[in-house]
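Worksheet: the structure to be examined is printed underneath.
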Amino acid sequence: MATLDKKLDRRSFLKVSALAGGGMVLSFSWLAGCKPTPEQVLELPKEWFELNSYIKIGENGAVTLFSPNPEFGSNIKTSMPMILAEELDTDWKMVMVEQADYFPTRFERQFTGGSQSIRQGWTPLRTAGATARAMLIAAAAQTWKVPASEITTSAGILEHKGSGKKAHYGEMASLAASMPVPEEVKLKEINAFKIVGSSKKNVDVEKIVTGKPLFGIDHKVEGMKYAAIVHPPAFGMKLKSFDKSSVSSMPGILDVFSINLFKDDYGRNFFDTTTFPEIVAIVGNSTWEVMQAKKTLAVEWENAPASNFEVAGFGGRPNTKMTVPAGLENSNRHKERMAEYIQKPGNVVRRDGDPETAFKKAARILEKTYSAPFLAHNTMEPMNCFADVKGDKAVIYGPTQAPEFIITTLANSLGISKENIQINLARMGGGFGRRAYSHHMIEAALISQKIQAPVKMVYTREDDMSAGVYRPTYSATYRAALDENNNLLALHVKAGGIPETPLHANRFPAGAIDNYLAESWQIESNITIGAFRAPRSNFMAAAEQSFLDELAEAMGKDPIEFRLELLKRAETNPVGENNDYDAKRYAGVLELVRDKSNWKTPAPGVSRGVSAYFCHNSYVAEVVDTKIVDSKPVVEKVYAAVDCGIVVNPDSAINMGEGAIIDGIGNAFFGELAFENGVPTKTNFDKYRMIRQKEAPRAIEVHFVDSKEDPTGLGEPFFPPVFAALANSLYKATGKRYYEQPFAPQLEMENLKM
């Protein structure tokens with residue numbers, strides 16, 4: 081294969097990949113299908129009229145809708161404008177969508193995370209659309225001198241049937257923009273929706289597949305410099321000194337200096353949890369040149385002392401006192417310490433009935449321990465940021481999930497008021513919580529401020545994986561007390577991790593068992609952890625639902641029927657008052673997946689497992705079908721049933737489900753990050769195993785409960801159940817239970833290979 085030019089862009093890469101016979105070839109017919117049809121091509125208006133922060137309308141009837149939240153693959157840039165367009169009652173063919181930049185006085189909650197974008201934006205977006213529609217009606221009523229109550233709208237057309245008068249929105253836009261904003265507006269009835277609930281193509285699809293500038297890493301300006309960062313090689317170390325002369329004579333290198341992200345008296349926010357606040361920056365004329373210098377730079381490191389600081393709470397949680405211990409940590413020692421904590425009394429967070437007495441009276445006790453390692457995010461687009469800091473003003477452009485949280489840190493670190501910092505939001509090439517921790521933006525901004533020039537800072541894959549924000553390592557022990565007739569008397573869960581506990585004490589099966597005990601524990605660490613797709617839930621679902629399957633078997637019950645029995649108890653006669661799930665809706669997805677999968681009649685040779693979980697306000701049940709083919713487990717099919725309220729964009733929702741399911745299966749089989757003396761043992765994809773296309777399920781079916789409830793979370797809830805559904809399916813196929821993630825190494829020990 082010919083050597084690729086180091087400045088190869090994404091568009092050229094697609095062409096070269098096709099010519100080289102690579103693994104991904106996009107057909108011209110498919111690409112053509114992404115282009116707008118002639119009737120979809122909008123003529124730009126000569127003038128725009130802004131009706132509110134979210135909507136502006138041109139004199140020709142074209143509508144621009146602003147998507148307020150950062151986009152990282154969940155398709156909110158399409159779905160959020162669909163909600164606006166629904167209440168505006170416009171024609172989707174007349175809509176153009178723009179990514180809003182961070183503008184807190186104009187937009188509410190510009191944060192993408194926790195599967196809350198649509199849930200939190202549902203009412204504000206509907207209200208914004210309905211308000212603009214009311215202003216257009218008021219303008220038409222004034223122009224036609226008719227009562228506003230007699231004017232109807234449809235697909236961007238205003239009509240007064242009594243007089244026969246009609247006008248498209250553009251004809252009334254100028255006057256509407258000057259009308260008073262109504263204090264109250266009536267929202268549509270759910271059954272009147274025309275856009276919400278229908279499938280719309282991703283508004284960025286053509287840009288994505290043709291390589292048009294869209295991501296932060298695409299951004300360029302005249303005179304821009306390039307930067308790379310050098311961070312300590314191990315958790316538990318810090319910068320001692322560096323010798324800039326070791327690289328200053330290298331081609332294109334302009335400067336080398338250290339920066340400290342936080343001022344000494346700064347109180348960190350929830351997303352400021354980096355353990356490497358002091359780094360070395362290398363600045364040059366190209367990414368290639370600074371990365372070559374990075375390999376040569378002479379840097380000396382030393383052990384870091386223990387530290388303590390306070391982190392602001394998030395989502396209503398109180399502030400947290402953080403302790404970062406000294407030392408170079410090892411995964412083997414982590415496992416030993418977690419095993420020790422499992423044997424110790426934990427912090428009791430819920431007790432129903434008298435579980436201790438129930439266990440003493442038990443004829444049989446079933447006890448199992450589950451564990452999972454640290455996981456890396458591995459966002460496909462490397463961490464990057466553009467910054468241009470001049471005097472008392474700063475412009476930041478890059479991928480971030482949480483501009484509202486990082487701007488306070490930027491202001492403090494730069495010494496610039498928040499009002500003088502503009503954060504422009506790029507589409508993110510993957511996130512899963514990683515880009516909520518936006519210290520890459522602080523790094524780029526401080527580098528730009530130091531060199532007094534615009535700069536683009538880009539991480540290598542090794543930078544991200546060795547200084548990442550990881551999913552913690554966890555362990556949970558479940559115990560069940562059974563009487564002589566195999567009736568369930570009590571359940572006890574003790575869960576913890578490094579450095580946080582994953583326990584959700586008030587989730588199912590709490591509330592369904594008379595005698596229930598939940599304990600938690602955690603072990604301090606200097607390894608940085610943070611949000612990950614469905615944080616904590618992704619592990620607890622795996623452990624809990626695997627144990628419930630084994631418990632059902634011990635009791636001689638069908639796994640789905642056993643869960644439904646517990647949920648019926650929680651619905652009709654719940655234990656306790658703090659149960660944070662709706663047992664009827666929970667049972668509903670289990671019943672739906674049971675029916676859609678024909679649970680009791682799998683295809684010949686198929687082994688199937690089930691799992692269900694509630695998180696991010698939504699309910700998901702999944703059935704995984706596997707086969708052993710040539711001594712290798714093959715995931716044949718996954719069935720998913722979901723109750724997430726109203727589904728805004730069905731195709732997008734299905735795509736999110738498919739992606740989360742494949743991601744979960746990949747992590748369950750292969751995901752693992754270990755540490756030796758504070759150093760991650762895997763820093764790129766040559767060692768950190770990702771799922772491959774041929775290992776993905778051969779088919780995935782997603783079914784939604786028909787609901788009129790307001791939308792709830794969707795990007796994350798598909799993810800947690802698949803771990804246990806896969807483990808339970810593998811048990812049926814191999815006869816072995818899987819208590820430790822990842823599963824692939826254990827399969828290889830059994831002469832089954834992945």
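Quick note on numbering: the sequence shown equals residues 81 to 834 in this note's numbering.
Glycine is no exception: its CB is placed at the ideal position from the N, C-alpha and C atoms.
Give the DSSP-derived three-state secondary structure of Tyr550 in the structure shown.
strand
Based on DSSP bridge pairs, tell me the residues matched to Gly51.
Absent from the structure is residue 51, since the part of the chain shown begins at 81 and ends at 834.
Where Ser809 sits in the DSSP three-state scheme:
helix
Please report the straight-line C-alpha distance between Ala212 and Pro654, rounded to a whole angstrom.
45 angstroms
Determine contact between the region 481-494 and the region 569-579, defined as no fewer than three beta-carbon pairs at a distance below 8 angstroms.
no
Of the choices Tyr693, Ser451, Asn697, Ile640, whose alpha-carbon is the least far from that of Gly751?
Ser451
Whole angstroms are fine: how far does the CA of Ala683 sit from the CA of Phe356?
52 angstroms
Let's see if you can read the secondary structure: which residues bound the beta strand (DSSP E) around Leu568?
568-578
According to the Cβ coordinates, are Gly510 and Met460 closer than 7 angstroms?
yes
When Glu390, Thr367, Lys305, Val327 are compared against Phe351, the one with the closest alpha-carbon
Glu390
Residue from Ala247, Gly426, Phe191, Leu267 whose Cα sits closest to the Cα of Gly395:
Phe191
So, is Val673 buried or exposed, given that buried needs 16 or more other C-beta atoms within 10 angstroms?
buried
Val261 in three-state terms, based on DSSP
coil
Pick helix, strand or coil for Val105, following the three-state DSSP scheme.
Model confidence at Val105 stands at a pLDDT of 33, short of 50, so the residue's coordinates are unreliable and nothing is read from them.
Run through DSSP, which three-state label would Gln602 get?
strand
Cβ-based burial, Ser109 [other Cβ within 10 Å; buried from 16]:
Any reading at Ser109 must be qualified, since the residue scores a pLDDT of 39, below 50, and its modelled position is unreliable; the value itself is stated next. Counting Cβ neighbours within 10 Å, Ser109 comes out exposed, since fewer than 16 surround it.
Less than 8 angstroms between the CB atoms is what I'm expecting for Ala585 and Ala598, so what's the real figure, rounded?
4 angstroms
Thinking just about the alpha-carbon of each residue, which of Ile531, Glu564, Val428, Lys498 is nearest to the one in Lys305?
Ile531
From the DSSP output, read off the bridge partner residues of Ile231.
His240
Nearest to Val535 (by Cα), restricted to the options Leu526, Arg541, Asp543:
Leu526
Between the region 154-166 and the region 727-737, can you find at least three pairs of beta-carbon atoms closer than 8 angstroms?
yes
Answer yes or no: do Phe512 and Arg431 have a C-beta to C-beta separation smaller than 7 angstroms?
no
Within 10 Å of its beta-carbon, does Phe784 have 16 or more other beta-carbons around it, so buried, or fewer, so exposed?
buried
Once DSSP output is grouped into helix, strand and coil, what is the label at Ser796?
Reading off the sequence shown, one finds Glu at residue 796, where the question assumed Ser. Three-state result, Glu796: coil.
What is the DSSP secondary structure of Gln120, counted as helix, strand or coil?
Residue placement at Gln120 is flagged as unreliable, the pLDDT there being 48, under the threshold of 50; the coordinate-derived value follows with that caveat. Helix, per DSSP.
Beta-carbon proximity of Val429 to Ser254, cut-off 7 angstroms
no
By Cβ distance, which residues of its chain are closer than 6 angstroms to Ser518, with the 5 residues on each side in sequence left out?
Thr480, Ile486
Counting Cβ pairs, one atom from each stretch, are 3 or more of them under 8 angstroms apart for the region 404-420 and the region 297-317?
yes
Which same chain residues, not among the five before or five after Phe799, have their C-beta less than 7 angstroms away from its C-beta?
Arg613, Ala614, Asn618, Ala740, Asp743, Gly744
For Trp202, collect the residues of the same chain with a Cβ closer than 7 angstroms to its Cβ; drop the 5 residues on either side in sequence, then sort them by chain order.
Ile163, Asp790, Pro791
My understanding is that Ser528 touches Asp468, with C-beta atoms under 8 angstroms, so please give their C-beta distance in whole angstroms.
6 angstroms
According to DSSP, residues forming a beta bridge with His783
Ala721
Within the region 682-757, note down every full beta strand (DSSP E) run reaching 3 residues or more, in order along the chain.
687-695, 698-709, 712-723
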